[in-house]
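Below: the structure, in structure tokens.
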Amino acid sequence: MTAGLPSTRPRAQRLRDARRIQSRSELVRVMLFLASLLMLTVVFVFTNLMVSRLSEQVSATSDLLARLCAQASFPAAHDPQLQSILSGVIAGIDFPIVIADERGVPRAWRLVGLDPSSVPDAALDSLTEGRPISPVIRARVKRLDARIHQLDEVHPAIVMTRTSDNTVVGRLHYGDPPLLERLRWMPYVTVGGMVALIGLGLWGLAAVRRTERRNIWVGMALETAHQLGTPLSSLMGWIELLRSHLEEEPGASIPRAELLETVNDMEGDIDRLHKVAQRFSHVGSAPRLEPQDPAAIVRHVVEYMRRRIPRSEGDVTLVELYQPTPALRCSRELLEWAIENLIANAVSALDKRPGRIEVTVGPRDARAVEIAIKDNGRGMTAREQRRAFEPGYTTKPRGWGLGLALARRVVEEYHGGRLLIRRSTPGEGTTIAMILPL
Numbered sequence: 001m002t003a004g005l006p007s008t009r010p011r012a013q014r015l016r017d018a019r020r021i022q023s024r025s026e027l028v029r030v031m032l033f034l035a036s037l038l039m040l041t042v043v044f045v046f047t048n049l050m051v052s053r054l055s056e057q058v059s060a061t062s063d064l065l066a067r068l069c070a071q072a073s074f075p076a077a078h079d080p081q082l083q084s085i086l087s088g089v090i091a092g093i094d095f096p097i098v099i100a101d102e103r104g105v106p107r108a109w110r111l112v113g114l115d116p117s118s119v120p121d122a123a124l125d126s127l128t129e130g131r132p133i134s135p136v137i138r139a140r141v142k143r144l145d146a147r148i149h150q151l152d153e154v155h156p157a158i159v160m161t162r163t164s165d166n167t168v169v170g171r172l173h174y175g176d177p178p179l180l181e182r183l184r185w186m187p188y189v190t191v192g193g194m195v196a197l198i199g200l201g202l203w204g205l206a207a208v209r210r211t212e213r214r215n216i217w218v219g220m221a222l223e224t225a226h227q228l229g230t231p232l233s234s235l236m237g238w239i240e241l242l243r244s245h246l247e248e249e250p251g252a253s254i255p256r257a258e259l260l261e262t263v264n265d266m267e268g269d270i271d272r273l274h275k276v277a278q279r280f281s282h283v284g285s286a287p288r289l290e291p292q293d294p295a296a297i298v299r300h301v302v303e304y305m306r307r308r309i310p311r312s313e314g315d316v317t318l319v320e321l322y323q324p325t326p327a328l329r330c331s332r333e334l335l336e337w338a339i340e341n342l343i344a345n346a347v348s349a350l351d352k353r354p355g356r357i358e359v360t361v362g363p364r365d366a367r368a369v370e371i372a373i374k375d376n377g378r379g380m381t382a383r384e385q386r387r388a389f390e391p392g393y394t395t396k397p398r399g400w401g402l403g404l405a406l407a408r409r410v411v412e413e414y415h416g417g418r419l420l421i422r423r424s425t426p427g428e429g430t431t432i433a434m435i436l437p438l
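Each residue of the sequence shown is one higher than the last, beginning at 1 in the UniProt record's numbering.
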């Protein structure tokens, strides 16, 4: 018991460090969100302040112009000097405006989509006096009337009255300048740009993290394959030497049958280690996919896992359910590895006895095969399900949190399939489904 403590503490420490790093990452994301929210608030407040001030200036300018026109009055507006003054004032305005007489006939306008020279003053006089005008001019006046209604929806018209007797001499209709319209859209454009920028940044960070994880996996796999390769070659040589010694010296002190059985067991274990090395060597490179019988692969893994389940686990039953399935293009070594990890994960999740694990193989549809592993273990909460496939995440005190992550990588990246949690209820168990395309 004491001998196990030195290896347990570093592992627990690594898990704590990983969780601490993840907490810091979450804190950074929260800080970025709060900073973005603060920037958006500042932009909204500043833009609204600018819009409010510009709107006040437009209203003040329009009111001043209305007073000027009212004092001049339209009967006197035929004076050339006064017309020149009014034309100069109107020409300096940078927002849509229409000045109409007491009958509602437009007399002057700017920035409403119609050239003032396109409607002669004589035609406007005829319209005021009720005389007929040409259809072309009437159509242009109707366009002005429609524009007046649009302006009135933005700002109420200013009634122009003569100061001396409060006689209504006309109305001034006005809208917002183009700059004000653009400023009103500025917060939404800013929000869109900020969201796009944050999304691009998060995508970039996620891509960097994926690359880092992939490099970690590849480095770990290559190093493991290298470390296992050398002793495997040596052990295979020793086995051949022992086998040849037994064949040449039948009268050895160790009983021949017993020694042969031992050698065969050693060879089986070494084959197993060799298979592990092959699996790790496939990580980081494109595996060869060959037609395989999925039921045969699963059956082989279940038989191995049935022997491997430790006696300390107690009463654990592995149930197999097979349906006729077509051949599947896959890497047998990698697929066996993924299924082993899923079954091992199910065994470690069993918290009651008797424990039961169901392994089902069958066609999902005409284009895919489904391999499902169902257990009656502790189950997972919604939060645990969201993080179950993260490398390093584990709910077991002595777990590494690599089994499900490795299985997902094998299924999704190397076989183009999907690995998902079909169902999981705390206290009832979990069903994980592996969907592989044909």
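The beta carbon of each residue, even a glycine, is placed where N, CA and C say it ideally should be.
| query | result |
| --- | --- |
| Through-space distance from residue 201 to residue 108, alpha-carbon basis | 53 Å |
| Selection from 276, 359, 340 that minimises the alpha carbon distance to residue 445 | Because the chain in this structure spans residues 1 to 438, residue 445 falls outside the shown range and cannot be described. |
| Residue 96 versus residue 386: straight-line alpha-carbon distance, rounded | 56 Å |
| DSSP state of residue 176 mapped onto helix, strand, coil | coil |
| Beta strand (DSSP E) runs wholly inside the stretch 335-366, at least 3 long, in chain order | 355-365 |
| Residue 370 - containing beta strand (DSSP E), residue span | 368-375 |
| Euclidean distance between Cα positions of residue 140 and residue 47 | 36 Å |
| Under the three-state DSSP convention, the category residue 298 falls into | helix |
| Outcome for residue 352 when other beta-carbon atoms lying within 10 angstroms are tallied against a minimum of 16 | exposed |
| DSSP state of residue 278 mapped onto helix, strand, coil | helix |
| Range of the contiguous beta strand (DSSP E) that encloses residue 290 | 290-292 |
| DSSP-derived helix/strand/coil call for residue 115 | coil |
| Straight-line gap, residue 423 to residue 45 (C-alpha atoms, nearest Å) | 48 Å |
| Straight-line gap, residue 34 to residue 40 (C-alpha atoms, nearest Å) | 10 Å |
| Cβ-Cβ distance between residue 336 and residue 301 below 9 Å | yes |
| C-beta atoms of residue 316 and residue 359 nearer than 9 Å | no |
| Distance, residue 434 Cα to residue 403 Cα | 14 Å |
| Counterpart residues of residue 101 in DSSP-defined beta bridges | 170 |
| Distance CB(residue 38)-CB(residue 179) smaller than 9 Å | no |
| Pair within 9 Å by beta-carbon distance, residue 395 and residue 384 | yes |
| Contact check, residue 414 vs residue 331, beta carbons under 9 Å | yes |
| Start-to-end residues for the alpha helix (DSSP H) that takes in residue 435 | Taken as a continuous stretch (DSSP letters only), residue 435 belongs to no alpha helix (DSSP H), being part of the beta strand (DSSP E) at 429-437. |
| Separation of residue 287 from residue 377, as counted between CA atoms | 34 Å |
| Simplified DSSP state of residue 331, which is helix, strand or coil | coil |
| Residue 485, DSSP secondary structure in three states | Residue 485 lies beyond the residue range present for the chain, which begins at 1 and ends at 438; the question has no answer from this structure. |
| Local Cβ density within 10 Å of residue 443, reported as buried at 16 or more and exposed below that | No statement about residue 443 is possible, as the shown extent of the chain runs from 1 to 438 and does not include it. |
| Distance between residue 328 and residue 345 (C-alpha atoms, nearest Å) | 24 Å |
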